[in-house]
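**Q** The following block contains the structure, expressed as structure tokens.
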Amino acid sequence: MAPPDPVRTPGTKGGRFRRSGGAWATFARRLDSPVVTVTVGVLALQGDVREHVRALTSVGAQAVPVRRQRELDGVDALVIPGGESTTIDKLLRAFDLFGPLQERLRGGMPAYGSCAGMILLADRVIGGIEGQQTLGGVDVTVRRNAFGRQVESFETDLAIDGIDGPVHAVFIRAPWVEEVGPAATVLARVESGPAAGRIVAVRQGPLLVTSFHPEVTGDTRVHQLFVEIVRDTL
Ligand code: GLN
């Protein structure tokens, strides 16, 4: 598909501040730069594929389901939805996607993993099943099904670094991040209740992971944050 024509913000003078540094230059460059359409794939083996596609579309990305390597080859970034990490792991192998996807991630492709997606992007897992593997990329140890029976599925408001105002977060048999390596940055922790203090959102360069499911609430700010991360890498 041909790329869309770049859209210019009306009324801005091209290149005026381009060579100077500082915040003004960054601001001017933003106004001046064409709006780049990013193509974000949603891994479509299991989980809330449609909801992620809808959220990504509403924040201005072109969103496409990804099931085959040629579809993966055509995207700038990938969302790995929630579902069951053990099943997604197996399906990735069955669809011959595990290796190619890992290669893209190692090559710097941005990715966002929610819940099971977080497990798949984690370097280490506690509580996985025998033989469970992850794609890796984020220097964290996650604990699968971490919240225990009483808080197996719950909702709470979170403050997330990089997003203004509280985000309502839905957790469904979610993992939490037990350990964060030096390369990764914590973006959010549970604020109250039995799981207070637990890490539930982390970023490492172009990789973003959350324990919760932002695609089910209609609040698109996490997707917006991810699409901004993707735009910054292009
Ligand atoms: N418990 C699931 C797993 O281990 C994750 C649940 C989810 O993605 N909602 O993969």
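Numbered according to the numbering used here, the sequence shown spans residues 4 to 237.
Where is the CB? At the ideal position from N, CA and C, for every residue including glycine.
#1: Is Ala114 closer than 9 Å to Leu124 when the C-beta atoms are compared?
#2: Looking only at its chain, what residues have a beta carbon closer than 6 Å to the beta carbon of Arg206, apart from the 5 residues adjacent to it on each side?
#3: Return yes when the Cβ of Arg147 is within less than 9 Å of the Cβ of Ser195, no when it is not.
#4: First and last residue of the beta strand (DSSP E) that includes Gly44?
#5: State the Cα-Cα distance for the pair Gln72 and Val183, rounded to the nearest angstrom.
#6: Can you give the Cα-Cα distance for Glu54 and Pro68, rounded to whole angstroms?
#7: Is it right to say Thr90 is buried, meaning 16 or more other beta carbons lie within 10 angstroms of its own, or is it exposed?
#8: Whose CA, out of Ile175, Thr159 and Val38, lies closest to the CA of Gly86?
#9: Have a look at Ala64 and Leu94 and give me their C-alpha separation to the nearest angstrom.
#10: Is Glu87 near the ligand GLN, with its Cβ less than 8 Å from a heavy atom?
#11: Within a Cβ cutoff of 7 Å, which residues of the same chain sit near Ala306, ignoring the five residues on either side of it in sequence?
#12: With burial defined as no fewer than 16 other Cβ atoms inside 10 Å of the residue's Cβ, what is the status of Ser61: buried or exposed?
**A** Considering the structure as presented:
#1: Numbered from 1 along the sequence shown, position 121 holds the residue referred to as residue 124. Numbered from 1 along the sequence shown, position 111 holds the residue referred to as residue 114. Closer than 9 Å, so yes.
#2: Within the sequence shown, numbered from 1, the residue matching residue 206 stands at position 203. Thr188 and Leu190, listed in sequence order.
#3: Working through the sequence shown from its first residue, we reach residue 195 at position 192. Working through the sequence shown from its first residue, we reach residue 147 at position 144. Against a cut-off of 9 Å, the Cβ pair of Arg147 and Ser195 comes out as no contact.
#4: Counted from its first residue, the sequence shown places residue 44 at position 41. Residues Thr42 to Leu46.
#5: Position 69 of the sequence shown, counting from 1, holds the residue named residue 72. Position 180 of the sequence shown, counting from 1, holds the residue named residue 183. Rounded to whole angstroms, Gln72 to Val183 spans 31 Å at the Cα level.
#6: Locating residue 54 in the sequence shown gives position 51, where the first residue counts as 1. Locating residue 68 in the sequence shown gives position 65, where the first residue counts as 1. Looking at the two C-alpha atoms, the distance is approximately 11 Å.
#7: Sequence index remark: in the sequence shown, residue 90 carries index 87 (1-based). Classified as exposed, Thr90 has fewer than 16 neighbouring CB atoms from the shown chains inside 10 Å of its CB.
#8: As a working mapping, residue 86 is identified with position 83 in the sequence shown. Relative to Gly86, the option among Ile175, Thr159 and Val38 whose CA is nearest is Ile175.
#9: Counting from 1 along the sequence shown, the entry for residue 64 is found at position 61. Counting from 1 along the sequence shown, the entry for residue 94 is found at position 91. Taking the straight line joining both Cα atoms gives about 26 Å.
#10: In the sequence shown, residue 87 corresponds to position 84, counting from 1. Yes, Cβ of Glu87 sits closer than 8 Å to a heavy atom of the ligand GLN.
#11: The structure shown does not extend to residue 306, since the chain is modelled only from 4 to 237, so the question has no answer here.
#12: By one-based count along the sequence shown, residue 61 stands at place 58. Ser61 is exposed by the Cβ-count criterion.
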